[in-house]
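What follows is a short report on a single structure.
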Amino acid sequence: MIVNESVLVLGISLLALFFAGFLATKINQSLTAIFIIVGMILQNFFPVTIITEFIATLGIIFMLFMFGLEFSVGSLVSNQKKIFYTGIYDFILNFPLGLLIGWLLGYDLIQSLLLAGIVYVTSSVIVAKSIIDLKRSANPETEYILNILIFEDMFIATFLAFIVGIVNYGKIDAISIFFVMLKTSAFFMFFIILARTSKKYIDKIIDIDHTELFVILILSVIVLSAGAAAKIGLSEAIGAFLAGLLLSETKQRHRITEVIKPFQQFSTAIFFVAFGMSIDYKHFGNLIPMAIFIFILSSFSKVFGGYLIGKKYALSKKAGLRLGFSLIPRGEFSIILAGAIAMNHNLPYPLQCLTGFYVLLSAIFGSIIMKESDWFTKWFIERREKEIKPIDDSSTMDPHKSL
Amino acid sequence: MSEIKESDLPSIGKKFTLELDSNDKLVIVIHFSGEREVFKFTKDSDEPISVTRLTDEEARQIGAILAGAYFQPVIEEEQKLIMKNVTMEWIKVTPDSLLANKKIEELDIRKMTGVFITTIIRGETVLPNPPPHEFIKPQDTIIIIGNNEQIKNFISTFDIKQPVENDRQ
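Residue numbers (my numbering), protein chains in the order written: chain B, 61 to 463; chain D, 17 to 185.
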């Protein structure tokens, strides 16, 4: 009986998602934000069912698998220098900010770390899509943006494994940190070495013409890796991510994407809905000003960081600012981090609700800002060129001004 | 010839940048989805002045046009053949052609004329290196390769009236 009702609830949720998503695409909004809002509305009508919860878990697994799959180790290796330097800049400027905010809010170390990750990680899904929609893929700043996104995703994936590892271990001290780090890196190394050395064999094994068997084999690889990660006390998401990395170098990559994509789209949508349903906006509406505050602060640090990176790599000011403005949207990874561990909900600022509001703000306004940043950068640069400040003399001397 | 710079756009695709002689830049992005985008940047500008989005199929067609495959300048048959030693010729098989509905081996093309059929283009499908038992059907386009003598020989032996495409090496 419970199952029957759950199925009905799932159907209603999906239909609601369809209509909301349909409207969202009409106004060019990101689906992530809309799905969360649908969840927030639906919580008034029915609770999260076992089925929704189960699909949401699969949603994380499939999402991370797709990340891994679309993440080519080859391009990571060949661009490692660029990725590392741009990424580390962005990291230094943005990660400590969240840590500081967490400390000010009275979070413990683990929650502060999680908040740091939530505030730091840009949504690669929203940003990559916006870049394509806004026809910016050939712009000079785009490569830097994408490199930063790779660094962030890679960092957060490792970070997530580590945090979950620490929490599962039970205590935080030098020995446990060392032990968990060792375990995490061993798990990562195992998959990376496997991907690099046994490419040929993997290629042969998964080269199955029969579509049904192919899907089952790929699913078993994904779920097994996720399960193995969970078994050794890391997060399932990481196992799936590494399974994706493992298969990303194979010839069947596109076919895998094709068959897994529908599962991923379905389950990820439910994941966002379930997350939306868990945001208790009636009792914690007072968190909204706090979320706005964090949003403004972290947006500034992202734009500033992007501007600095642009300067370092001799991009024009305009491109540098566009780089910064493109890093504002937060999304999927922030939500995964917020739900990574079970937390005490009686704190004055429950992390999960705060993240919900924060992600909504930054996903919605972030993509609007990305689109509308042009007039702002124009205005900003023109203004600075008019009032030539003595400090900025060197940087405002644009070549075309002297002509 | 200008240099083409190639770079990765992780999670989007690959980017090719061409510095043109006019100092403008042409950037072609090939998306993982197969879509292509062609951007034009004027000198020193970091925003494109034009963007063209193409599907995979459109891009291929346009590529063929740019490569000169569709354009048939009116050149005398004779002149066409006096190119270099090895020539490729695109031949459309008309329903009344001597080639139509015959197996390659049964026509004995290689022995009789010296040319070799490298490819059969049949509607949407392309058959490279067709086996000897493959049929040549009406409406096929076949690509043959040989030296000038052999091609001429082929054209006269099989009474070809209208090779479709321009020749190339």
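Backbone N, C-alpha and C fix where the C-beta goes; we use that ideal spot for every residue, glycine too.
Residues of chain B with CB closer than 9 Å to the CB of residue i, please, in chain order.
{"i": "Val28/D", "result": "The amino acid occupying residue 28/D in the given sequence is Ile; Val does not appear at that position. Going along chain B in sequence order, the residues near Ile28/D (Cβ under 9 Å) are Ala188, Ile191, Ile192, Ser197, Thr202 and Leu206."}
{"i": "Lys31/D", "result": "Ser197, Ala198, Thr202 and Glu203"}
Could you tell me whether the Cβ of residue i comes closer than 9 Å to any Cβ of chain B?
{"i": "Thr129/D", "result": "no"}
{"i": "Phe151/D", "result": "no"}
{"i": "Thr71/D", "result": "no"}
{"i": "Val67/D", "result": "yes"}
{"i": "Phe174/D", "result": "no"}
{"i": "Met48/D", "result": "Just to set this straight, residue 48/D is Phe in the shown sequence, not Met. Chain B contact via Cβ: present."}
{"i": "Glu94/D", "result": "For Glu94/D, the pLDDT reaches just 48, beneath the cut-off of 50, and the residue's location in the model is therefore unreliable, although a value from the coordinates is still provided. Chain B, which has no Cβ nearer than 9 Å to the Cβ of Glu94/D, makes this no."}
Is it right to say residue i is buried, meaning 16 or more other beta carbons lie within 10 angstroms of its own, or is it exposed?
{"i": "Gln155/D", "result": "exposed"}
{"i": "Val67/B", "result": "exposed"}
{"i": "Val102/D", "result": "exposed"}
{"i": "Ala402/B", "result": "exposed"}
{"i": "Pro200/B", "result": "buried"}
{"i": "Ile216/B", "result": "buried"}
{"i": "Met128/D", "result": "exposed"}
{"i": "Ile148/B", "result": "exposed"}
{"i": "Pro148/D", "result": "exposed"}
{"i": "Asp175/D", "result": "exposed"}
{"i": "Gly230/B", "result": "exposed"}
{"i": "Leu387/B", "result": "buried"}
{"i": "Arg76/D", "result": "exposed"}
{"i": "Ala400/B", "result": "buried"}
{"i": "Phe331/B", "result": "buried"}
{"i": "Lys372/B", "result": "exposed"}
{"i": "Gly166/B", "result": "exposed"}
{"i": "Tyr261/B", "result": "exposed"}
{"i": "Glu203/B", "result": "buried"}
I want to see whether chain D comes within less than 9 Å of residue i, judged by CB atoms only; does it?
{"i": "Glu432/B", "result": "no"}
{"i": "Arg444/B", "result": "no"}
{"i": "Glu130/B", "result": "yes"}
{"i": "Lys141/B", "result": "no"}
{"i": "Lys371/B", "result": "no"}
{"i": "Ile210/B", "result": "yes"}
{"i": "Leu153/B", "result": "no"}
{"i": "Ser138/B", "result": "yes"}
{"i": "Leu306/B", "result": "no"}
{"i": "Leu375/B", "result": "yes"}
Relative to the alpha-carbon of residue i, which residue among the options has its alpha-carbon at the smallest distance?
{"i": "Met104/D", "options": "Leu123/D, Lys168/D, Gly29/D and Lys31/D", "result": "Lys168/D"}
{"i": "Ile424/B", "options": "Gly380/B, Gly391/B and Ala402/B", "result": "Gly391/B"}
{"i": "Ala334/B", "options": "Asn88/B, Arg196/B and Ile94/B", "result": "Ile94/B"}
{"i": "Pro410/B", "options": "Phe393/B, Ile339/B, Ser433/B and Ala374/B", "result": "Ile339/B"}
{"i": "Ile137/D", "options": "Ala80/D, Lys108/D and Arg52/D", "result": "Lys108/D"}
{"i": "Lys259/B", "options": "Tyr229/B, Ile282/B, Glu309/B and Phe239/B", "result": "Glu309/B"}
{"i": "Ser90/B", "options": "Ser190/B, Phe355/B, Leu375/B and Glu296/B", "result": "Ser190/B"}
{"i": "Ile298/B", "options": "Ala246/B, Leu102/B and Leu164/B", "result": "Ala246/B"}
{"i": "Ala286/B", "options": "Ile252/B, Lys86/B and Leu124/B", "result": "Leu124/B"}
{"i": "Phe355/B", "options": "Leu294/B, Lys438/B and Leu421/B", "result": "Leu421/B"}
{"i": "Ile253/B", "options": "Leu307/B, Asn207/B, Phe144/B and Val224/B", "result": "Leu307/B"}
{"i": "Ile282/B", "options": "Gly119/B, Leu383/B, Ser197/B and Phe78/B", "result": "Gly119/B"}
{"i": "Ile268/B", "options": "Ile316/B, Gln412/B, Gly366/B and Phe222/B", "result": "Ile316/B"}
{"i": "Ile152/D", "options": "Glu140/D, Thr134/D, Phe57/D and Ile120/D", "result": "Ile120/D"}
{"i": "Met126/B", "options": "Phe301/B, Gly384/B, Leu284/B and Leu375/B", "result": "Phe301/B"}
{"i": "Gly293/B", "options": "Val227/B, Ala80/B and Phe78/B", "result": "Val227/B"}
{"i": "Trp106/D", "options": "Thr33/D, Ser172/D and Ile160/D", "result": "Ile160/D"}
{"i": "Ser184/B", "options": "Asn207/B, Leu169/B and Ala221/B", "result": "Asn207/B"}
{"i": "Glu53/D", "options": "Phe114/B, Leu83/B, Val108/B and Ile192/B", "result": "Ile192/B"}
Going along chain B in order, which residues have a C-beta closer than 8 Å to the C-beta of residue i?
{"i": "Lys59/D", "result": "Ordered by position in chain B, no residue passes the 8 Å Cβ test against Lys59/D, which lies about 11 Å from the chain."}
{"i": "Leu25/D", "result": "Ser197, Thr202, Glu203 and Leu206"}
{"i": "Glu63/D", "result": "Asn199 and Lys378"}
{"i": "Val45/D", "result": "Ser197 and Ala198"}
Going by DSSP, what residues sit across from residue i in a beta bridge?
{"i": "Trp435/B", "result": "Looking at the DSSP assignment, Trp435/B forms no beta bridge with any residue, so it has no partner."}
{"i": "Thr117/B", "result": "Answer is none; Thr117/B lacks a bridge partner."}
{"i": "Arg315/B", "result": "In DSSP, Arg315/B forms no bridge with anything."}
{"i": "Ile441/B", "result": "Per DSSP, none; premise fails for Ile441/B."}
{"i": "Glu35/D", "result": "Lys41/D"}
{"i": "Ser64/D", "result": "Checking the displayed sequence, the identity of residue 64/D turns out to be Pro instead of Ser. None, per the DSSP bridge assignment."}
{"i": "Pro144/D", "result": "Thr135/D"}
{"i": "Thr103/D", "result": "Gly162/D"}
List the residues of chain B that residue i touches, going by C-beta distances under 7 Å, in chain order.
{"i": "Phe55/D", "result": "Ala198"}
Taking residue i as the query, report the chain D residues whose CB atoms sit under 7 Å from its CB, ordered along the chain.
{"i": "Ser184/B", "result": "Ser27"}
Report yes if the C-beta of residue i is less than 8 Å from at least one heavy atom of the ligand ATP; otherwise report no.
{"i": "Phe211/B", "result": "Judged by which ligands are present, the structure shown has none, so any question about the ligand ATP falls away."}
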